[in-house]
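Below is one structure, written out as structure tokens; the observations come after it.
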Amino acid sequence: MSAAIESSDYNNVHEERFQYTPEWTITTKKSHILQSKCVSPFICDQTKGADSSQDMDLDRLCMFCRYEWLLSMPHMPDMTYANNWLVMGHKNGFRLEFNCLEALTLVSKEPPQHLKVGAADDWMKSRAGSQYTRVTAKPFDWTFTTDYKGSLVANAQGVGFQCVATDERIDIERLKAKDEILFYDDIDLFEDELADHGVAKSSVKIRVMKNSFYILMRFFLRIDNVLVRLNDTRLYHEVGTDYILREYTNREAFVKDLNIPAPVLIDPVRLNDHLKPSQLICHKITFNSD
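Structural data, given as structure tokens:
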């Protein structure tokens with residue numbers, strides 16, 4: 000049913016490719032973190048100076064300048080994995096993709112009003128001399144909170160997924176079955192230590208079994224002694240069906256309201272069991288496999 004995992008290394012990128020079924024191909028990429036400044040200033044300055052924002056050829060920009068231009072953030076996370084991604088590609092050309100840029104695109108341009116704590120001031124001070132910082136500071140969500148659920152990408156003919164709300168849920172008991180794992184990967188998208196006041200991290204994991212695959216896209220925020228937050232997106236597909244179930248949950252709490260051991264606060268897997276969901280959004284993502 001499935002082929003061996005193909006691995007390749009090029010330009011400091013490690014890529015794995017897994018032909019899961021005749022319909023689905025899984026590709027993961029991992030590389031180093033984004034540079035902290037432009038690596039080709041002559042070409043990038045020329046490109047940004049000669050073109051309007053509508054006509055700019057982004058492919059001519061280095062990865063740092065591309066992110067800087069598209070995101071317009073005062074500062075990006077300490078560890079921004081611009082070349083990391085997970086792609087579930089269908090034989091018909093459409094795909095389900097998880098990448099760093101799309102995750103950061105959903106970070107709010109406004110600071111979190113209910114989190115006016117010392118961590119925010121320390122965070123900004125720690126970036127005062129950074130290459131990322133603009134001449135005029137711009138407000139934004141310094142916690143890097145994102146509710147990114149993955150990208151549904153159509154093929155060249157515009158054929159892709161249909162996403163509708165549903166009451167159908169992922170069968171958690173089925174996920175607990177001890178099925179053989181054919182492919183597994185854990186890909187970091189970004190991480191920031193909030194000036195040593197906690198962590199903000201986005202990552203995606205995939206687990207592939209003979210008859211199904213399961214994806215967990217997670218954003219984990221911990222502001223020490225203040226707040227913890229989990230934004231989770233779970234996706235599940237059974238081979239032979241024409242749909243993927245997707246569940247998004249938001250869980251968060253102020254630390255003062257939790258009575259749990261400190262080690263649990265730094266472990267999102269254990270923490271998940273102690274936080275009640277404040278938001279649940281379920282979708283059924285269908286596709287034409289003919």
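Counted from 1, the sequence shown has number 191 at position 192 by numbering that gives the first Met the number 0; the numbering is strictly sequential. Idealized CB from N, CA, C, for every residue including glycine. All values derive from a computational prediction rather than experimental measurement.
Going by other Cβ atoms of all chains shown within 10 Å of its Cβ, with 16 needed for buried, is residue i buried or exposed?
| i | result |
| --- | --- |
| Pro40 | exposed |
| Pro138 | exposed |
| Asp191 | buried |
| Ser201 | buried |
| Pro260 | exposed |
| Val134 | Unreliable positioning characterises Val134 in this predicted model, as indicated by a pLDDT of 32, which lies under 50. The coordinate reading is nonetheless provided below. Exposed, because fewer than 16 other Cβ atoms sit within 10 Å of the Cβ of Val134. |
| Phe63 | buried |
| Ile291 | Nothing can be reported for residue 291: it is not among the residues displayed for the chain, which extend from 0 to 289. |
| His113 | exposed |
| Leu57 | exposed |
| Leu193 | buried |
| Leu279 | exposed |
| Asn287 | exposed |
| Thr142 | buried |
| Thr27 | buried |
| Gly197 | buried |
| Gly157 | exposed |
| Thr240 | exposed |
Quick one: residues in its chain with C-beta nearer than 8 angstroms to the C-beta of residue i, no 5 flanking neighbours on either side, listed in chain order?
| i | result |
| --- | --- |
| Val305 | Shown here, the chain extends from 0 to 289; a query on residue 305 therefore has no answer. |
| Asp8 | Glu14 |
| Leu264 | Arg221, Val227, Val254, Leu257, Leu270 |
Can you round the beta-carbon distance between residue i and residue j to whole angstroms, since I take them to be within the 8 angstroms contact cut?
| i | j | result |
| --- | --- | --- |
| Leu85 | Val207 | Contact flag wrong, Cβ pair sits at about 11 angstroms. |
| Thr144 | Arg228 | 7 angstroms |
| Leu33 | Ala81 | 4 angstroms |
| Asn210 | Glu237 | 6 angstroms |
Which residues in the same chain have their Cβ closer than 7 angstroms to the Cβ of residue i, if we skip the five residues on either side of it in sequence?
| i | result |
| --- | --- |
| Leu174 | Tyr213 |
| Asn154 | Asn91, Gly92, Phe93 |
| Gln130 | Because the pLDDT at Gln130 is just 43, under 50, the model does not fix this residue reliably, and the point stays unresolved. |
| Leu290 | Since the first and last residues shown for the chain are 0 and 289, residue 290 lies out of range. |
| Met87 | Trp23, Ile25, Arg94, Leu95 |
| Cys61 | Cys37, Val38, Ser39, Cys43 |
| Asp185 | Ser202, Lys204 |
Given a cut-off of 8 angstroms, decide if residue j and residue i are closer than it, judged by their beta-carbon atoms.
| i | j | result |
| --- | --- | --- |
| Ile284 | Cys162 | yes |
| Leu105 | Tyr66 | no |
| Asn11 | His31 | yes |
| Arg233 | Pro267 | no |
| Tyr183 | Ile169 | no |
| Ala199 | Pro76 | yes |
| Phe219 | Met78 | no |
| Asn83 | Asp195 | no |
| Glu355 | Asp140 | For the chain, the structure presents residues 0 to 289; residue 355 sits outside this window and is missing. |
| Leu244 | Asp231 | no |
For residue i, which residues of its own chain have a beta-carbon under 6 angstroms away from its beta-carbon, when the five flanking residues on both sides are left out?
| i | result |
| --- | --- |
| Arg250 | Leu229, Leu274, Pro276 |
| Lys90 | Glu22 |
| Cys281 | Thr165, Glu246 |
| Asn224 | Val254 |
| Thr5 | Inspection of the sequence shows that residue 5 is occupied by Glu rather than by Thr. The residues are Arg16. |
| Gly48 | none |
Considering only heavy atoms of the ligand MN, does any lie closer than 7 angstroms to the CB of residue i?
| i | result |
| --- | --- |
| Thr46 | As for the ligand MN, it is missing from this structure, which has no ligand bound. |
Within the segment 131-180, note down every full beta strand (DSSP E) run reaching 3 residues or more, in order along the chain.
150-152, 160-164
Only counting runs of 4 or more residues, tell me where the alpha helix (DSSP H) segments fall wholly within the segment 27-74, in order along the chain.
40-49, 62-70
Would you mind listing the alpha helix (DSSP H) stretches within the segment 198-279 that are 4+ residues and don't spill past its ends, in chain order?
The DSSP assignment places complete alpha helix (DSSP H) segments of no fewer than 4 residues inside the segment 198-279 at 261-264, 267-270, in order along the chain.
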